[in-house]
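All remarks here apply to the structure that follows.
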Amino acid sequence: MELVYSVCVGFMSACGIFLMLRGHTFTLVIGLTLLSYSVNLFLFASGGLTIGSPAVLNGSENYADPLPQALVLTAIVIGFAMTAFAVILAMRGRADLGNDHVDGDDPVDPLAREDKA
């Protein structure tokens, strides 16, 4: 189970970084969100992947650590606020500039350049 979990976290991280490197703000926001989710899953897994075991109880040797769960809960709230802020910035940039490119410049289409020449 740990192998499947770690492969999924790695795949989500790779997809998030790939989307963050794209040139449009919407894909940047989706990439940031995916990377945030993958970090949250990594932190959650650091508490232990025990199935069917209770939370911290007296006498239990196999329990889930509550500290990473509290960290993930806090990170979810912070990630939601970060995503909302990034979406507002993307909407404002689209309204002001008329495009959603990260640099603010609409990249020139190479086919359109050949037609003009």
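Every letter in the sequence shown is one number past the one before it in my numbering, and letter 69, counting from 1, is 64.
Quick reminder that beta carbons are idealized off the backbone N, C-alpha and C, glycines included.
Residues in the same chain with beta-carbon distance under 8 angstroms from residue i, minus the five sequence neighbours each way, listed in chain order, please.
{"i": "M77", "result": "L27, S31"}
{"i": "V24", "result": "T78, A81, V82, A85"}
{"i": "M7", "result": "L29, L30, Y32, S33, L36"}
{"i": "S1", "result": "A40"}
{"i": "G74", "result": "T28, S31, Y32, N35"}
{"i": "I12", "result": "G26, L30"}
{"i": "C3", "result": "L36"}
{"i": "Q64", "result": "F39, G42"}
Is the distance from the Cβ of residue i to the Cβ of residue j below 8 angstroms?
{"i": "N94", "j": "A70", "result": "no"}
{"i": "F39", "j": "V67", "result": "yes"}
{"i": "D60", "j": "G43", "result": "yes"}
{"i": "H96", "j": "G18", "result": "yes"}
In its own chain, which residues sit with a C-beta less than 7 angstroms from the C-beta of residue i, not counting the 5 before and 5 after it?
{"i": "C10", "result": "L29"}
Give me, in chain order, the residues of the same chain whose beta-carbon lies closer than 6 angstroms to that of residue i; leave out the 5 immediate sequence neighbours on both sides.
{"i": "L14", "result": "T22, I25, G26"}
* **In chain order, each alpha helix (DSSP H) run of at least 4 residues that lies wholly inside the region 20 to 45** => Listed in chain order, the complete alpha helix (DSSP H) runs (minimum 4 residues) inside the region 20 to 45 are 20 to 41.
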